[in-house]
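Visitor: This structure is in structure tokens; I'll ask about it shortly.
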Amino acid sequence: MLLLRTIQRSLPRLQATDTRSFLKTLSCATSRFSLPTLSRTIATTPHFHTLLTPAETSPPTSPPPKTPPTAQSNAAPTLHESLTLLTALKAQPSKYITVKIHGFSFLLTPGDKVVLPFLLKDVKVGDILRLTHATTLGSRDYTMKGNPYIDERLFECRATFLEETSEPLRKKEKKKRRTRRIKTVKSKHRYSVLRIKELIIIDVPPAVAAATGNNTTT
Amino acid sequence: MPVSALRAVSKSQNGVGAFILQCKRMEFNFCDWAGSSKGMRHDRSFLKHSLSQFARQNPQIEIIVAPRPNKIPIIRGTYINGREKVIPVDGLEIQQILQKAQLLRNSSGTKLKRITRPVISLNESVRGIFSPFHGKKHVI
Numbered sequence: 001m002l003l004l005r006t007i008q009r010s011l012p013r014l015q016a017t018d019t020r021s022f023l024k025t026l027s028c029a030t031s032r033f034s035l036p037t038l039s040r041t042i043a044t045t046p047h048f049h050t051l052l053t054p055a056e057t058s059p060p061t062s063p064p065p066k067t068p069p070t071a072q073s074n075a076a077p078t079l080h081e082s083l084t085l086l087t088a089l090k091a092q093p094s095k096y097i098t099v100k101i102h103g104f105s106f107l108l109t110p111g112d113k114v115v116l117p118f119l120l121k122d123v124k125v126g127d128i129l130r131l132t133h134a135t136t137l138g139s140r141d142y143t144m145k146g147n148p149y150i151d152e153r154l155f156e157c158r159a160t161f162l163e164e165t166s167e168p169l170r171k172k173e174k175k176k177r178r179t180r181r182i183k184t185v186k187s188k189h190r191y192s193v194l195r196i197k198e199l200i201i202i203d204v205p206p207a208v209a210a211a212t213g214n215n216t217t218t
Numbered sequence: 001m002p003v004s005a006l007r008a009v010s011k012s013q014n015g016v017g018a019f020i021l022q023c024k025r026m027e028f029n030f031c032d033w034a035g036s037s038k039g040m041r042h043d044r045s046f047l048k049h050s051l052s053q054f055a056r057q058n059p060q061i062e063i064i065v066a067p068r069p070n071k072i073p074i075i076r077g078t079y080i081n082g083r084e085k086v087i088p089v090d091g092l093e094i095q096q097i098l099q100k101a102q103l104l105r106n107s108s109g110t111k112l113k114r115i116t117r118p119v120i121s122l123n124e125s126v127r128g129i130f131s132p133f134h135g136k137k138h139v140i
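Protein chains in written order, with the working numbering: chain A, 1 to 218; chain B, 1 to 140.
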């Protein structure tokens, strides 16, 4: 049983090395949803959305658009493969997500408490936030990498805004040699605390089709 | 072998299911005579002006207003974990007192702690601990 599992884990990893080289050759055409066969990694195209408030928008950066004919012919099989892999990822008991909040990335599982190194403005204690910028979605045997972010229609990650705290007051004393004057600098940074409510992966065909269909048309 | 349940203590994860505000009571104390309580007790001041709106916005918090003669005005917040936080509001104006009230409302009762790692988790690692015997074989 153990041997079987190890073989399973090693086999896909070998494929993963191939896929990496394959993806490198197609790097100029990363706007397509291209999935090599039998791979355990899925690369999706960038999909930018506002994280919390309408005022915050990330600058859209798209790779140079190109339409290689090979990817279009692979459209039908890639959707099926990506769906089975995503379903396999969803079926695993524990999953993690690497989420970016204001540029800071955190590796989270459901139920975690995140102490952000800054204060989130325009949010009240008790609000529920939906985290949309995910770079990686993973489980024990499968990893989904975004390029640079995963399409937000493929997952739902929500967090509750728990509290606004601060660190204890810390004082830094600054003094030069052969001088008696001591300058004291005080710091008391404010932090926001979130709790990850849920992490749901959506692998229904409409969502995956929308994510892939959107990319094949561009 | 009969199937039996594992005995486990429930771990509190406020916010996963429902969210419960940690501040359960706030007591506003002031002195009727002393000048430092001016922001609290005078006309067009905190107690007469802002407190009712603050109480309406936070129905989960029990609000007590009581005079405390010959002492500086304070706001005392009591939390679900049993701890108390006291903030002196002597000499402050209405907006400043409201800010302190919001501060008490927004915090949990835990002591301020310096955080080195941002993520606090009870879950085991998803991908497991490294083993040299599993995974990609190293070819020499």
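Cβ atoms here follow ideal geometry from the backbone N, Cα and C, with glycine treated the same way. Fair warning: this is a prediction, and the values are worked out from it, not measured in the lab.
In this structure, what does DSSP give as the bridge partners for B/M40?
Guide: DSSP output for B/M40 lists no bridge partner at all.
Visitor: Find the residues of chain B that neighbour A/P117, judging by a C-beta separation of less than 9 Å, and give them in chain order.
Guide: Identification of chain B residues near A/P117 by a Cβ-Cβ cut-off of 9 Å yields I115 and P118, ordered along the chain.
Visitor: Look at the alpha carbon of B/I64 and the alpha carbon of B/E27, and state the distance between them as a whole number of angstroms.
Guide: 5 Å
Visitor: Taking buried to mean at least 16 other C-beta atoms within 10 Å of its own C-beta, is A/T50 buried or exposed?
Guide: Low local confidence applies: a pLDDT of 34 at A/T50 is under 50, so the model's placement there is unreliable, with the coordinate-based value given in what follows. That one is exposed.
Visitor: Which one of A/T109, A/I182, A/R158 and A/K188 has the shortest CA to CA distance from A/E167?
Guide: A/K188
Visitor: May I have the straight-line CA-CA distance separating B/L104 from B/F46, to the nearest angstrom?
Guide: 16 Å
Visitor: Residues in the same chain with beta-carbon distance under 8 Å from A/A134, minus the five sequence neighbours each way, listed in chain order, please.
Guide: I97, T98, V99, K100, G146, Y149, I150, E152, F155 and C157
Visitor: When you compare the CB of B/S121 with every CB in chain A, is at least one pair closer than 9 Å?
Guide: yes
Visitor: Please report the distance separating the alpha-carbon of A/V193 from that of A/V204.
Guide: Computed Cα separation, rounded: 32 Å.
Visitor: So who's on the other strand from A/K175, going by DSSP bridges?
Guide: A/I182
Visitor: Could you round the C-beta distance between B/C211 and B/G77 to whole angstroms and report it? I think they count as a contact, below 8 Å.
Guide: The displayed coordinates of chain B run from 1 to 140. Any statement about residue 211 of chain B would go beyond what the structure contains.
Visitor: Which one of A/K171, A/L108 and A/L129 has the shortest CA to CA distance from B/L122?
Guide: A/L108
Visitor: In or out: A/A211 buried (at least 16 other Cβ within 10 Å) or exposed?
Guide: buried
Visitor: Quick one: what's got a C-beta closer than 6 Å to A/I202's C-beta in the same chain, skipping five residues either side?
Guide: L154, listed in sequence order.
Visitor: Is it buried or exposed, B/K136, if we count other Cβ atoms within 10 angstroms and call 16 or more buried?
Guide: exposed
Visitor: At 7 Å on the CB atoms, spell out the chain A contacts of B/N106, in chain order.
Guide: V125, E163 and E164
Visitor: Just to confirm before moving on: does the CB-CB distance between B/L98 and B/F130 stay below 9 Å?
Guide: no
Visitor: Check distances from the C-beta atoms of the region 151-182 of chain A to those of chain B and list, in chain order, the residues that come in under 7 Å.
Guide: T160, L162, E163, E164, T165, S166, E167 and P168
Visitor: Who pairs with A/S105 in a beta bridge, going by DSSP?
Guide: A/K100
Visitor: Using DSSP's beta-bridge definition, name the partner residues of A/S192.
Guide: A/L116 and A/E164
Visitor: In the DSSP assignment, the beta strand (DSSP E) including B/K85 goes from what residue to what residue?
Guide: E84 to P88
Visitor: Below 8 Å, can you find three or more Cβ-Cβ pairs linking the region 35-44 of chain B to the region 87-95 of chain B?
Guide: yes
Visitor: With a cut-off of 8 Å on the beta carbons, I'd call A/L162 and B/P118 a contact; round off their distance for me.
Guide: Approximately 13 Å separates the beta-carbon atoms of A/L162 and B/P118; this is outside 8 Å, ruling out the contact.
Visitor: Could you tell me how far apart the beta carbons of B/I120 and A/K113 are, in whole angstroms, since I believe they sit closer than 8 Å?
Guide: B/I120 to A/K113, Cβ: 4 Å. Contact.
Visitor: Against A/V114, what residues of chain B qualify as contacts under a CB-to-CB distance less than 7 Å, listed in chain order?
Guide: When 7 Å is used as the limit between beta carbons, A/V114 is near these residues of chain B: P118 and V119, in chain order.
Visitor: If you run the structure through DSSP and keep just helix, strand and coil, what is B/L122?
Guide: coil
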